[in-house]
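Colleague: In the numbering used here, the protein residues as written are 2 to 177.
Quick reminder that beta carbons are idealized off the backbone N, C-alpha and C, glycines included.
Owing to the predicted nature of the structure, the values given are computational and were not obtained by experimental measurement.
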Amino acid sequence: MISVEEIQHPHPRIVHVWAMKAFLVPLLLWLVVAIPLSAFYFATTPPEDPFGIRATALIAGVAVLLLAIGYGWAFLYRSFYRWQLTESDLRVWRGILFRKRITIPYMRVQNVNVVRGPLLLLFGLSSVEVETAGQKGMYYGGFYPTEGFLPGLVDGDAVADGIVEKVKGAKAREGL
Numbered sequence: 002m003i004s005v006e007e008i009q010h011p012h013p014r015i016v017h018v019w020a021m022k023a024f025l026v027p028l029l030l031w032l033v034v035a036i037p038l039s040a041f042y043f044a045t046t047p048p049e050d051p052f053g054i055r056a057t058a059l060i061a062g063v064a065v066l067l068l069a070i071g072y073g074w075a076f077l078y079r080s081f082y083r084w085q086l087t088e089s090d091l092r093v094w095r096g097i098l099f100r101k102r103i104t105i106p107y108m109r110v111q112n113v114n115v116v117r118g119p120l121l122l123l124f125g126l127s128s129v130e131v132e133t134a135g136q137k138g139m140y141y142g143g144f145y146p147t148e149g150f151l152p153g154l155v156d157g158d159a160v161a162d163g164i165v166e167k168v169k170g171a172k173a174r175e176g177l
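1. Starting from R11, follow the alpha helix (DSSP H) in both directions and report where the run begins and ends.
2. Need the endpoints of the alpha helix (DSSP H) that D156 sits in, please.
3. Is the CB-CB distance between A75 and V116 below 8 Å?
4. When you compare each of F81, Q9, T104 and V18 to L98 by their alpha carbons, which one comes out closest?
5. Counting only the same chain and skipping the five closest in sequence on each side, list residues whose C-beta sits under 8 Å from that of G142.
6. So, helix, strand or coil for V110, using DSSP?
7. Just grab the DSSP bridge partners of V115 for me.
Written out as structure tokens, the structure reads:
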């Protein structure tokens, strides 16, 4: 259980999860283009042509560059992502270029979910979603996480249970 007033960051292993997510989509798109072009090139070019080696190196170089950018962005994002459980609310700070501070009073919390996708399971992590009456938005075919999104937790169940207890306590104090 995390203590009150202690500011928390996602576990360092979340960097691998975020980097893989940032890397896999561009890599798959790149491979959809690169593999057919490479196959066509190698099928129509003699094997002794040195440009074949350069084309392969270019493909590998782009893949390494995408991975490096993904890891760099994920590392920065983790360093700016933090949250704090206080007596009255959950506070979340996130963002690199556009920073956002979110305060969620426990009275507004309607649901607390623990999420474990395949990549999170691979790295032994989970995430907690703290839902209010607000609605998730959409972007580029995906979903924004809930405002109270706590990623990269080693023991997401304990954090979720702690939040639920704080919500129950806040609602009991208000007579709800």
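Modeller: In terms of the structure at hand:
1. In the sequence on display, residue 11 carries Pro and not Arg. Taken as a continuous stretch (DSSP letters only), P11 belongs to no alpha helix (DSSP H), as it is neither H nor E.
2. Here D156 belongs to no alpha helix (DSSP H), and DSSP marks it neither H nor E.
3. no
4. F81
5. Residue placement at G142 is poorly supported in this model, since its pLDDT is 48, which falls under 50; the coordinates still yield a value, given next. Answer for G142: no residue qualifies.
6. coil
7. V129
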